[in-house]
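For the sequence shown, the working numbering gives the first residue as 13, with consecutive numbering after it.
Here a beta-carbon is modelled for each residue, glycine too, at the ideal position from N, C-alpha and C.
In what follows, a single structure is set out as structure tokens and then discussed.
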Amino acid sequence: MGFSIQKLAQLTGHSSSVYGLCEGPTSNIFFSGSSDGVVAEWDMENTEKAKIAVKIETAVYSVEFIREKKILLIGNGIGGVHIVDYIQKKEIKLLQLHKASVFDIKYSKKNNCFYTASSDGSIAIVSMDDYYTVQIKLCPEKARQLNLNLDESLLAVACGDGSVRIFNTLTFKQENTITAHNLSSNAICFHPDKNLLISGGRDAIVNIWDIKQDYELVQTIPAHNYAIYSIGFSPDKKLMATASRDKTVKIWNAESFDLIKRLDNKSSKGHLNSVNRLMWEKETGKLITTGDDRSIILWQAFME
Numbered sequence: 013m014g015f016s017i018q019k020l021a022q023l024t025g026h027s028s029s030v031y032g033l034c035e036g037p038t039s040n041i042f043f044s045g046s047s048d049g050v051v052a053e054w055d056m057e058n059t060e061k062a063k064i065a066v067k068i069e070t071a072v073y074s075v076e077f078i079r080e081k082k083i084l085l086i087g088n089g090i091g092g093v094h095i096v097d098y099i100q101k102k103e104i105k106l107l108q109l110h111k112a113s114v115f116d117i118k119y120s121k122k123n124n125c126f127y128t129a130s131s132d133g134s135i136a137i138v139s140m141d142d143y144y145t146v147q148i149k150l151c152p153e154k155a156r157q158l159n160l161n162l163d164e165s166l167l168a169v170a171c172g173d174g175s176v177r178i179f180n181t182l183t184f185k186q187e188n189t190i191t192a193h194n195l196s197s198n199a200i201c202f203h204p205d206k207n208l209l210i211s212g213g214r215d216a217i218v219n220i221w222d223i224k225q226d227y228e229l230v231q232t233i234p235a236h237n238y239a240i241y242s243i244g245f246s247p248d249k250k251l252m253a254t255a256s257r258d259k260t261v262k263i264w265n266a267e268s269f270d271l272i273k274r275l276d277n278k279s280s281k282g283h284l285n286s287v288n289r290l291m292w293e294k295e296t297g298k299l300i301t302t303g304d305d306r307s308i309i310l311w312q313a314f315m316e
């Protein structure tokens, strides 16, 4: 397939590393969270300046927006999740869920709850009705990233001990533990079109697991030079992107997993430092990347 990618804009405003990205109330709005304590609101149609949506006293490591409830969830550096009314710009509640940084938050509409992963090695399940919380300790190392499958029946957790843990979201029983990477498992993503789970690790490897074959390893890709931090699929399900500490974003064919494009600073005017998080916007198909250089880059991919 013919492929090209265009850099649309580079957004600056954060004064420290950016770790969190999530969709906003409309397709052209998204949020970013940084260790500067700011959650910024960006408009992809007017990229000149961000609004400060929320400012907190500690670092922001994760953000999640619940569109139907107009609620912004913010994971901080000391184990708390701020629940913010987006319309009123007012904090509804601060939940102290963990003993250390909240690295990831995922909302499930089907289960009416959200899930958190923390550097204290635990995950939490929080009801949106009454904030009733169940906490599960997974490992002595960090719980780094979460991903829900398409029907939200499975939750995958990437862990610092190299494992990926799979939970049934109805019973919250652990269904499987994959020994996924030699070092920390950092990134996790269910394939949107196949019964596959994709993991990325500190070992710079992408591993592909067959869900129907009891998570059998079906492919190993030496994808980057350093740790992989984020994996995501384009809305049309044709492309997969990976982000790494090696300062690159790589674009892959989501069918064959062949490498299509390497985005770096020299050849593509990409990031100068570690790329910590990426996100494909569902409606416009834009790719959003961010990292330690404190900037956010918008990309548009084209296939012929």
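Is DSSP giving Lys105 helix, strand or coil here?
Three-state DSSP puts Lys105 in a strand.
Please go through the same chain and pick out, in chain order, the residues whose beta-carbon is closer than 7 Å to the beta-carbon of Lys67, but skip the five residues on each side of it.
Gly49, Val50, listed in sequence order.
Looking only at its own chain, which residues have a Cβ that is under 8 Å from the Cβ of Cys151, when we skip the five neighbours before and after it?
Within the same chain, Cys151 has close Cβ partners Gly133, Cys171, Gly172, Asp173, Ser175.
Counting along the chain, where does the alpha helix (DSSP H) carrying Ser120 start and finish?
Segment 114-120 is the beta strand (DSSP E) holding Ser120; no alpha helix (DSSP H) there.
Kindly list the residues whose CB is nearer than 6 Å to the CB of Tyr333, restricted to its own chain and excluding five residues on each side of it in sequence; keep chain order.
This structure does not reach residue 333, given that the chain is present from 13 up to 316, and the question cannot be answered.
Assuming contact is defined by CB atoms lying nearer than 7 Å, are Gln157 and Asp116 in contact in what I supplied?
It is a contact, given that the beta carbons lie within the stated cut-off.
Among the candidates Ala62, Glu69, Lys61, Phe42, whose CA atom is the shortest distance from the CA of Val75?
Per the Cα distances, Phe42.
For Asn285, does the three-state DSSP call read helix, strand or coil?
Residue state, collapsed to three classes: coil.
So Asn237 is in the alpha helix (DSSP H); what residue range does that whole segment cover?
It is not in any alpha helix (DSSP H) - Asn237 carries neither H nor E in the DSSP assignment.
Between the beta-carbon of Gly45 and the beta-carbon of Thr70, is there less than 7 Å?
Against a cut-off of 7 Å, the Cβ pair of Thr70 and Gly45 comes out as no contact.
Taking 7 Å as the threshold (C-beta atoms), are Ile200 and Ala239 in contact?
No. Outside cutoff.
Do you know whose CA, among Thr181, Lys224, Lys154, lies nearest Ser197's CA?
Ranking the options by Cα distance to Ser197, first place goes to Lys154.
Within 10 Å of its beta-carbon, does Ser47 have 16 or more other beta-carbons around it, so buried, or fewer, so exposed?
It counts as buried.
Under 7 Å, do Leu107 and Thr59 count as touching if we go by C-beta distance?
Not a contact, by the Cβ cut-off of 7 Å.
Which word fits Asp142, buried or exposed, when buried means at least 16 other C-beta atoms lie within 10 angstroms of its C-beta?
Exposed, by the Cβ-count rule.
Candidates Tyr31, Ile17, Gly25: which alpha carbon is nearest Gly303's?
It is Tyr31 whose Cα lies nearest to the Cα of Gly303.
What span of residues does the beta strand (DSSP E) with Ser246 cover, start to end?
No beta strand (DSSP E) contains Ser246, which DSSP labels as neither H nor E.
Buried or exposed for Val218, going by 16 or more other Cβ atoms inside 10 Å?
Label assigned to Val218: buried.
Got a sec? Which residues, its chain only, sit under 7 Å from Arg177 by beta carbon, not counting five neighbours each side?
Leu150, Val169, Cys171, Gln186, Thr189.
Would DSSP call Ser256 helix, strand or coil?
Reduced to three states, the DSSP call for Ser256 is strand.
Rounded to whole angstroms, how far is the Cβ of Ile78 from the Cβ of Val96, which I believe are closer than 8 Å?
Ile78 to Val96, Cβ: 10 Å. No contact.
Looking at C-alpha atoms only, which residue of Lys101, Asn124, Tyr119, Gly92 is the closest neighbour of Leu109?
It is Gly92.
Tell me the DSSP bridge mates of Glu35?
Answer by DSSP bridge pairing, in chain order: Phe42.
Quick one: using the 10 Å Cβ neighbour count with 16 as the cut-off for buried, is Lys262 buried or exposed?
Under this definition Lys262 is a buried residue.
Taking the alpha-carbon of Val287 as reference, which of Arg257, Thr183, Thr128, Asp163 has the nearest alpha-carbon?
Among Arg257, Thr183, Thr128, Asp163, the Cα nearest to that of Val287 is on Arg257.
With distances taken from CA atoms, which of Val146, Leu310, Tyr241, Met315 is nearest Asn40?
The option with the nearest alpha carbon to Asn40 is Leu310.
Can you tell me which of the three DSSP states Ser74 falls into?
Looking at Ser74 - three-state DSSP - the assignment turns out to be strand.
Applying the criterion that 16 or more other CB atoms from any shown protein chain within 10 Å of the CB defines a buried residue, is Lys118 buried or exposed?
By the neighbour-count rule (16 or more Cβ atoms within 10 Å), Lys118 is buried.
Taking all protein chains shown into account, decide if Met252 is buried (16 or more other Cβ within 10 angstroms of its Cβ) or exposed.
Classification for Met252: buried.
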